[in-house]
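Undergrad:
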Amino acid sequence: MKFFIATDHAGVAIKPNVIKILEEMNHTVIDLGPQNNSRVDYPDFAHKLSLEVLANEGTQGILICGTGIGMSLAANKHKGIRAALCHDAYTAIMAKAHNDANVLCFGERVVGLGVVESILEGWCKTNFEGGRHTQRVEKIEI
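The structure is reproduced here in structure tokens:
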């Protein structure tokens with residue numbers, strides 16, 4: 002799987018760990034920035050990543066900020082993006098299985114590295130179940 006990843010200044014510190022975990026699971030990761038913890042505006046990076054995911058079929062995104070809330074709000078403004086704010090492996094699994102989420106969001110200030118690893122494992126091993134969930138996901142796009 003090919004992932005795009007972006008953060009704001011509050012997510013930069015954990016990003017190298019996330020990239021390493023994904024690469025160890027044999028995924029390709031494209032880092033869209035930023036590269037340091039200088040203050041930036043999270044919507045700029047959420048929009049950048051969302052456009053890349055939409056332009057590159059079959060890819061997914063990971064957005065990290067302090068809480069994950071701002072990133073998920075900004076990403077979900079894009080038709081075709083289903084960004085899920087996840088705090089644990091269960092929410093990551095359900096976001097993929099039932100909501101066909103294509104962008105994972107979490108907060109560096111909310112979850113620790115061990116939880117992040119379990120979130121990524123759950124996210125990566127889960128596929129959309131389809132079936133009864135398909136109609137519901139279609140209703141998201143209004």
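The numbering of the sequence shown is this note's numbering, which starts it at 2 and goes up by one.
We put the CB at the ideal spot given by N, CA and C, even for glycine.
Within a Cβ cutoff of 7 Å, which residues of the same chain sit near HIS99, ignoring the five residues on either side of it in sequence?
TA: Looking up residue 99 in the sequence shown gives position 98. Taken in chain order, the residues that qualify are GLU130 and HIS134.
Undergrad: What three-state label does DSSP hand ASP45 in the structure shown?
TA: Walking along the sequence shown from the start, residue 45 turns up at place 44. When secondary structure is reduced to three states using DSSP, ASP45 falls in the helix class.
Undergrad: Buried or exposed: GLU109, going by 16 or more other Cβ atoms within 10 Å of its Cβ?
TA: Position 108 of the sequence shown, counted from the first residue, corresponds to residue 109. GLU109 should be labelled buried.
Undergrad: Going straight from the alpha carbon of ILE65 to that of GLY132, what length do you get?
TA: For the purposes of this step, residue 65 is identified with residue 64 of the sequence shown, where counting begins at 1. For the purposes of this step, residue 132 is identified with residue 131 of the sequence shown, where counting begins at 1. Their backbone Cα atoms lie some 30 Å apart in a straight line.
Undergrad: Is the CB-CB distance between GLY69 and CYS125 below 8 Å?
TA: Reading the sequence shown from its first residue, position 68 is the one you call residue 69. Reading the sequence shown from its first residue, position 124 is the one you call residue 125. No, the pair does not count as a contact, with Cβ atoms beyond the cut-off.
Undergrad: Give the range of the beta strand (DSSP E) segment to which VAL104 is assigned.
TA: Within the sequence shown, residue 104 is the residue found at index 103, counting from 1. Where VAL104 is concerned, the enclosing beta strand (DSSP E) stretches over 104 to 108.
Undergrad: Relative to the C-alpha of MET2, which candidate in GLU24, VAL112 and HIS48 has its C-alpha closest?
TA: Position 1 of the sequence shown, counted from the start, is the residue given in the question as residue 2. For MET2, the nearest C-alpha among the options comes from GLU24.
Undergrad: Here's a check: name, in chain order, each residue in its chain whose Cβ is nearer than 7 Å to the Cβ of ALA96, leaving out the five neighbours to either side.
TA: For the purposes of this step, residue 96 is taken as the residue at position 95 of the sequence shown. Only ALA85, CYS87 and ALA102 meet the Cβ criterion.
Undergrad: Quick one: is GLY115 buried, meaning 16 or more other Cβ sit within 10 Å of its Cβ, or exposed?
TA: Reading the sequence shown from its first residue, position 114 is the one you call residue 115. Exposed is the call here.
Undergrad: State buried or exposed for ARG137, treating a residue as buried only when at least 16 other CB atoms are found within 10 Å of its CB.
TA: Position 136 of the sequence shown, counting from 1, holds the residue named residue 137. Looking at its Cβ environment, which holds fewer than 16 other Cβ atoms inside 10 Å, ARG137 is exposed.
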